[in-house]
Amino acid sequence: MVKARELLDETRKSLAALEPDAERSPREADWLFRAVTGLDTRAVLARPDELISAETVDRLRDLVQRRATGEPLQYLIGDVEFWGRDFVTDHRALIPRQETETLVESALEVIPKDEPRDVAELGTGSGVVAITLALERPLARLVATDISGDALRLAAENARSWGVDERIRMLEGDLTEPLRDPVDVLVFNPPYIPSVAFGAIQRELAYEPRQALDGGADGLDTYRRLASSWRDVVRPGGWLFVEVGAGQHLAVTEILGADEPKLWDDYRGIVRVVGTTR
Ligand SMILES: C[S@@+](CC[C@H](N)C(=O)[O-])C[C@H]1O[C@@H](n2cnc3c(N)ncnc32)[C@H](O)[C@@H]1O
Numbered sequence: 046m047v048k049a050r051e052l053l054d055e056t057r058k059s060l061a062a063l064e065p066d067a068e069r070s071p072r073e074a075d076w077l078f079r080a081v082t083g084l085d086t087r088a089v090l091a092r093p094d095e096l097i098s099a100e101t102v103d104r105l106r107d108l109v110q111r112r113a114t115g116e117p118l119q120y121l122i123g124d125v126e127f128w129g130r131d132f133v134t135d136h137r138a139l140i141p142r143q144e145t146e147t148l149v150e151s152a153l154e155v156i157p158k159d160e161p162r163d164v165a166e167l168g169t170g171s172g173v174v175a176i177t178l179a180l181e182r183p184l185a186r187l188v189a190t191d192i193s194g195d196a197l198r199l200a201a202e203n204a205r206s207w208g209v210d211e212r213i214r215m216l217e218g219d220l221t222e223p224l225r226d227p228v229d230v231l232v233f234n235p236p237y238i239p240s241v242a243f244g245a246i247q248r249e250l251a252y253e254p255r256q257a258l259d260g261g262a263d264g265l266d267t268y269r270r271l272a273s274s275w276r277d278v279v280r281p282g283g284w285l286f287v288e289v290g291a292g293q294h295l296a297v298t299e300i301l302g303a304d305e306p307k308l309w310d311d312y313r314g315i316v317r318v319v320g321t322t323r
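For what it's worth, my numbering labels the leading residue of the sequence shown as 46, then goes sequentially.
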């Protein structure tokens, strides 16, 4: 058994020593500590001598070691916030990023609150985009696809937790191939990191599924493949929204043959979504 205050200090020190980002490590230490012990820092200050069981201490020390080798915090905690809601995240799918909220924002602009629309998300991963659209637009009928069965199972679990599993049809398959009926709105956050960038980029990405990230030599392969099929599944007057990597919007606009593209910036001011109509 270890006293709460001592264990919190130990966790902060271990992560500070092991984690290169000195600014981030105390916050991460506090999150990990709370996720494992159930105590936030205020509770520790109020009851510093509260004893933490040996089992909990071991579990926390194990997670600190895993964090130190680069495993993303979100996978260790098993939980991520998206659009103000909590979702389960694990190795089966990409960890949802805050910039992907821009994809939701763009789609919500064309899905009315008071009329039904058919909406499909390709590559749903953990399901956060499709689930958020279902929750924000209760009349929308949704399909969510992924090429990874593992990711779809996680998406289904998240959909069940948020009570929208009955409203989202989950289909496994390549790009638009699983879609049987045309839709009004198609959204996709595809893999768009250039293959050559792997290795040079953050070590944490090594823990996420490669097929969720790797967009081929220049990062644009999936957009090229989508360009030949998206018009077959989007109704005339309907919309396609795709997330893009920093600096990719012009190339993607051209690849998709978007005449009058609409662009959305993310919270950092980077063009993050290209939208186009059919
Ligand atoms: C960048 S992740 C996006 C995950 C999730 N939508 C999000 O925004 O957090 C890309 C997703 O597309 C899926 N994917 C990759 N290639 C695909 C393809 N050809 N057809 C369908 N899904 C694909 C991956 O498995 C992964 O879940």
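Note that the Cβ used here is the ideal one computed from N, Cα and C, for glycine as well.
Boundaries of the alpha helix (DSSP H) in which residue i is found, first to last residue
i: Pro-71; result: 70-82
i: Asp-266; result: 266-272
i: Glu-222; result: Neither: Glu-222 is in no alpha helix (DSSP H) and is coded neither H nor E.
i: Ala-135; result: Before going on, a small fix: residue 135 reads as Asp here, not Ala. Note, Asp-135: premise wrong, no alpha helix (DSSP H); not H, not E.
i: Leu-178; result: 173-181
i: Val-278; result: 275-278
Proximity test, residue i beta-carbon vs ligand 1 heavy atom, cut-off 7 Å
i: Val-326; result: Nothing in the structure corresponds to residue 326, since the chain is present only between 46 and 323.
i: Ile-192; result: yes
i: Ser-171; result: yes
i: Asn-234; result: yes
i: Asp-277; result: no
i: Gly-168; result: yes
i: Asp-219; result: yes
i: Gln-293; result: no
i: Gln-119; result: no
i: Pro-254; result: yes
i: Ala-257; result: yes
Where residue i falls: helix, strand or coil (DSSP)
i: Trp-128; result: coil
i: Thr-190; result: strand
i: Lys-48; result: strand
i: Thr-56; result: helix
i: Asp-85; result: coil
i: Ile-97; result: strand
i: Asp-263; result: coil
i: Ile-213; result: strand
Extent of the continuous beta strand (DSSP E) to which residue i belongs
i: Trp-309; result: 307-310
i: Arg-317; result: 316-322
Alpha-carbon spacing of residue i relative to residue j, whole angstroms
i: Ala-185; j: Ala-62; result: 49 Å
i: Val-155; j: Gln-256; result: 29 Å
i: Thr-322; j: Thr-298; result: 12 Å
i: Val-149; j: Ile-140; result: 16 Å
i: Pro-93; j: Leu-105; result: 17 Å
i: Ala-196; j: Gly-170; result: 5 Å
i: Val-319; j: Leu-258; result: 18 Å
DSSP beta-bridge partners of residue i
i: Phe-233; result: Leu-167 and Val-287
i: Ile-238; result: Asp-259
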